[in-house]
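Taking numbering that gives the first Met the number 0, the leading residue of the sequence shown gets 0, the next gets one more, and so forth. Written below as structure tokens is the structure these notes are about.
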Amino acid sequence: MAIPKVPQENIRNFCIVAHIDHGKSTLADRLLEQTGTVSLREMKQQLLDDMDLERERGITIKARAVVLYYKRGGETYELNLIDTPGHVDFHYEVSRSLTCCEGALLLVDAFQGVEAQTVANGFAAMEHGLAIVPVINKIDLSHARPDEVAEEMEHSLAIDQDKIIRVSAKSGLGVGELLNAIVDQVPPPAGDASKPLQAMVFDSHYDDYRGAITYVRIMNGTVRRGQKIRFLRGETTHEVVELGQFAPQQRPCDELRAGQVGYLVCNIKSIEDVHIGDTVSVPGDKAAPPLPGYKPPQRMVYCGLYPSDGQDFSELRDALTKLAINDPSFDFEAETSEALGFGFRCGFLGLLHMEIIQQRLEQESDVDLVQTAPNVTYEIFTKRGETLLIHRPQEVPDAGEIEEFRQPVVRVSLIQPTEYIGAVMKLCQDRRGVQTGQEYLSPTRTMLTYELPLAEVIYDLHDKLKSATRGYGTMNYEMIGYFPADLARLDILVNGKRVDALSFICDKGDADRRGRHVVKKLKSEIDRHMFEIAVQAAIGTRVIARETVSAMRKNVTAKCYGGDITRKRKLWAKQKEGKKRMKSIGSVDIPQKAFMAVLDTGEGNKK
Numbered sequence: 000m001a002i003p004k005v006p007q008e009n010i011r012n013f014c015i016v017a018h019i020d021h022g023k024s025t026l027a028d029r030l031l032e033q034t035g036t037v038s039l040r041e042m043k044q045q046l047l048d049d050m051d052l053e054r055e056r057g058i059t060i061k062a063r064a065v066v067l068y069y070k071r072g073g074e075t076y077e078l079n080l081i082d083t084p085g086h087v088d089f090h091y092e093v094s095r096s097l098t099c100c101e102g103a104l105l106l107v108d109a110f111q112g113v114e115a116q117t118v119a120n121g122f123a124a125m126e127h128g129l130a131i132v133p134v135i136n137k138i139d140l141s142h143a144r145p146d147e148v149a150e151e152m153e154h155s156l157a158i159d160q161d162k163i164i165r166v167s168a169k170s171g172l173g174v175g176e177l178l179n180a181i182v183d184q185v186p187p188p189a190g191d192a193s194k195p196l197q198a199m200v201f202d203s204h205y206d207d208y209r210g211a212i213t214y215v216r217i218m219n220g221t222v223r224r225g226q227k228i229r230f231l232r233g234e235t236t237h238e239v240v241e242l243g244q245f246a247p248q249q250r251p252c253d254e255l256r257a258g259q260v261g262y263l264v265c266n267i268k269s270i271e272d273v274h275i276g277d278t279v280s281v282p283g284d285k286a287a288p289p290l291p292g293y294k295p296p297q298r299m300v301y302c303g304l305y306p307s308d309g310q311d312f313s314e315l316r317d318a319l320t321k322l323a324i325n326d327p328s329f330d331f332e333a334e335t336s337e338a339l340g341f342g343f344r345c346g347f348l349g350l351l352h353m354e355i356i357q358q359r360l361e362q363e364s365d366v367d368l369v370q371t372a373p374n375v376t377y378e379i380f381t382k383r384g385e386t387l388l389i390h391r392p393q394e395v396p397d398a399g400e401i402e403e404f405r406q407p408v409v410r411v412s413l414i415q416p417t418e419y420i421g422a423v424m425k426l427c428q429d430r431r432g433v434q435t436g437q438e439y440l441s442p443t444r445t446m447l448t449y450e451l452p453l454a455e456v457i458y459d460l461h462d463k464l465k466s467a468t469r470g471y472g473t474m475n476y477e478m479i480g481y482f483p484a485d486l487a488r489l490d491i492l493v494n495g496k497r498v499d500a501l502s503f504i505c506d507k508g509d510a511d512r513r514g515r516h517v518v519k520k521l522k523s524e525i526d527r528h529m530f531e532i533a534v535q536a537a538i539g540t541r542v543i544a545r546e547t548v549s550a551m552r553k554n555v556t557a558k559c560y561g562g563d564i565t566r567k568r569k570l571w572a573k574q575k576e577g578k579k580r581m582k583s584i585g586s587v588d589i590p591q592k593a594f595m596a597v598l599d600t601g602e603g604n605k606k
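Set out below in structure tokens:
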């Protein structure tokens with residue numbers, strides 16, 4: 000298909016934002032189909048979700064760009080669509096897409112209505128000054144309630160009900176009307192093609208044959224094949240070997256002008272040269288000023304990743320480096336652990352993000368991993384007046400040096416049907432939450448706002464919320480800061496030795512219960528050895544819980560029939576001495592499952 004030359008006033012850049020599972024990727028499929036970008040022969044469900052993991056889980060993980068050509072009344076329009084994820088952990092992907100667009104389709108499910116992530120993504124798009132095209136999807140469902148959902152959108156997002164477009168992304172109903180609305184309501188991009196080149200890097204990935212492939216949105220100027228370009232932040236100059244657009248596969252072209260979205264291939268072999276949010280310009284004095292870029296993402300969760308075979312350390316480092324160029328919200332640094340050897344301390348945006356990274360490493364790089372229990376970042380104000388950021392429990396100083404222990408607190412918005420308010424309030428109060436607001440979105444749905452410690456949110460609050468509301472509750476959270484709390488580091492000792500990878504930070508009021516629960520769990524996870532193993536939980540030097548894994552014993556007196564008891568006692572004493580010697584030199588094998596046992600808060604055991 001020949002690429003039409005479209006004037007700048009006929010270009011529209013837009014993204015689709017919505018809560019998880021409201022049909023973004025399916026709507027993107029219909030837009031590709033109706034504009035003839037993809038033939039029916041090539042069409043498959045969720046075409047833009049091309050990662051194996053995305054198709055396996057049925058969610059979008061990476062934002063994807065694609066160009067559509069739409070003909071109307073003799074005019075051809077170039078529509079650049081960026082499909083974005085809906086899960087709270089991938090909000091950083093959404094914020095990068097918003098910077099490259101002039102409009103956003105705000106998609107809401109006709110049955111589920113306005114959800115927590117809908118509100119968060121809707122306000123984020125408004126803050127970026129984007130033109131909002133409100134859409135209600137899945138109107139063909141037998142239990143759809145589009146009129147009530149339109150009221151919810153008006154109440155929670157101040158959207159005029161008359162402007163809402165009703166579609167079915169599955170059947171294609173109303174998609175033609177939506178394409179017209181995109182052309183009419185989304186403004187064309189500003190920018191001047193005759194000015195010096197100024198382009199924003201919004202994503203990139205590494206290709207083993209062509210090096211780093213950079214995804215750009217051209218703000219000003221024009222870039223052509225063979226031209227020299229300069230990355231302003233990376234301070235490197237390269238020649239453009241190939242450039243093009245995504246349709247949805249990479250399709251080379253001769254130039255990209257102001258307002259367009261595409262990719263650049265410059266034979267960049269060093270991954271460190273590409274920074275997401277960098278500005279691409281021309282070398283020399285005529286270079287354009289750098290664009291503001293993106294706010295660096297706030298990593299919320301940290302955990303250790305170690306190769307299960309120590310020999311794979313360099314392979315793991317290469318795999319992590321490649322992943323970090325494709326996903327800048329993830330970072331890592333080398334660390335060592337007495338229990339696990341050499342590995343990496345990795346920072347993630349949330350627990351799902353951590354799970355996805357771990358699966359991508361195992362699938363794409365074939366590295367076998369051992370993962371330590373995740374924890375959040377704390378702040379400690381010492382008596383010497385220093386402020387320490389604590390990314391792992393081993394960094395916590397002695398209690399005598401701590402003036403104030405601060406924990407990260409988040410503002411959580413929970414949306415649920417009104418009959419589940421009591422269950423959700425109890426859930427938040429059990430996690431030391433403070434209620435700050437309650438709002439009715441409609442007679443049947445409520446939004447509760449709580450301030451909760453981040454450590455209480457990331458592990459299982461989402462699962463517990465789904466259970467308490469029979470799957471109808473949704474949540475979204477944002478960081479508000481660090482606040483003082485009564486916290487302590489709980490150490491786990493196996494045979495009197497502290498296992499650094501099993502330490503964790505918890506509230507002192509919960510320490511006894513959690514300590515008892517963890518040692519009980521470890522007793523069942525650690526296999527019996529030839530010697531007795533003591534498993535203890537301690538705060539500082541005070542042991543608060545203990546369990547004993549009994550030794551495997553051979554019946555050494557089996558052949559003693561009758562006779563003097565002293566003969567048996569000698570054999571038992573000899574066996575005891577042997578076990579003692581084994582214990583002093585023997586090492587205990589701790590299985591991977593044991594590292595995750597630390598996470599279980601033991602609420603099921605709470606009376």
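Even for Gly, the Cβ is constructed at its ideal location relative to N, Cα and C. If you're wondering where the values come from, they're calculated on a predicted model, not measured in any experiment.
Residue range of the unbroken alpha helix (DSSP H) whose run includes residue i
i, result
"V366", "From DSSP, V366 is part of no alpha helix (DSSP H); its letter is neither H nor E."
"T117", "115 to 126"
"G440", "Rather than Gly, the amino acid found at residue 440 in this sequence is Leu. Note, L440: premise wrong, no alpha helix (DSSP H); beta strand (DSSP E) at 433 to 441."
"K465", "460 to 467"
"Q33", "23 to 33"
Contact check, residue i vs residue j, beta carbons under 8 Å
i, j, result
"P483", "E385", "no"
"Q406", "L486", "yes"
"V300", "G349", "yes"
"V279", "V240", "no"
"Y449", "T435", "yes"
"N9", "N79", "no"
"E151", "A130", "no"
"L464", "L426", "yes"
"A168", "N136", "yes"
"V174", "V166", "yes"
"L196", "P289", "no"
"V200", "D277", "yes"
"A550", "R568", "no"
Where residue i falls, given that 16 or more other Cβ within 10 Å makes a residue buried
i, result
"I525", "buried"
"K573", "exposed"
"E477", "exposed"
"V369", "buried"
"C559", "exposed"
"H219", "Note that residue 219 is Asn in the sequence shown, not His. Buried is the call here."
"R566", "exposed"
"V107", "buried"
"N179", "exposed"
"H18", "buried"
Residues of its chain near residue i, where Cβ-Cβ distance is below 6 Å and the 5 sequence neighbours each way are ignored
i, result
"R256", "A192, T221"
"Q45", "Reliability of the predicted coordinates at Q45 is poor, the pLDDT of 43 falling under 50, and the value obtained from them is presented with this limitation in mind. So the qualifying residues of the chain are S24."
"Q33", "V174"
"V264", "R209, I212, V240, E241"
N- and C-terminal bounds of the beta strand (DSSP E) containing residue i
i, result
"L104", "102 to 108"
"H237", "235 to 238"
"M446", "444 to 452"
"S412", "401 to 416"
"C302", "300 to 306"
"T381", "377 to 381"
Among the options, nearest to residue i - alpha-carbon criterion
i, options, result
"Y205", "E531, P289, H274, K70", "H274"
"V411", "T443, A454, H390, S441", "A454"
"I479", "L464, A500, C505, P452", "P452"
"G171", "I138, V517, Q244", "I138"
"R383", "P396, K285, G35", "P396"
"N494", "P282, V548, E334", "V548"
"E202", "G261, E238, V134", "First, the amino acid is wrong: residue 202 is Asp here, not Glu. Per the Cα distances, G261."
"P133", "G399, Q116, L156", "L156"
Own chain residues within Cβ distance below 8 Å of residue i, not counting five before or after
i, result
"K70", "Y76"
"C345", "Y301, C302, G303, L304, L319, F329, D330, F331, M353, I356"
"R444", "G112, V113, E151, I414, Q415, P416, T417"
"S336", "G303, Y305, G342, T371, D499, A500"
"Q393", "D499, S502"
"I164", "V132, P133, V134, I135, G173, E176, L177, A180"
Close Cβ partners of residue i (< 7 Å) along its chain, the five nearest in sequence each way excluded
i, result
"V456", "V409, V411, Y476"
"I543", "A510, D511, G514, A536, A537"
"P282", "K227, R229, T236"
"G109", "Contrary to the premise, residue 109 reads as Ala rather than Gly in this sequence. So the qualifying residues of the chain are I135, N136, K137, I138, L140, A143, R144, P145, V148."
Residue i Cβ short of 7 Å to the ligand GTP heavy atom set
i, result
"C252", "No copy of the ligand GTP occurs in the structure displayed, which carries no ligand at all."
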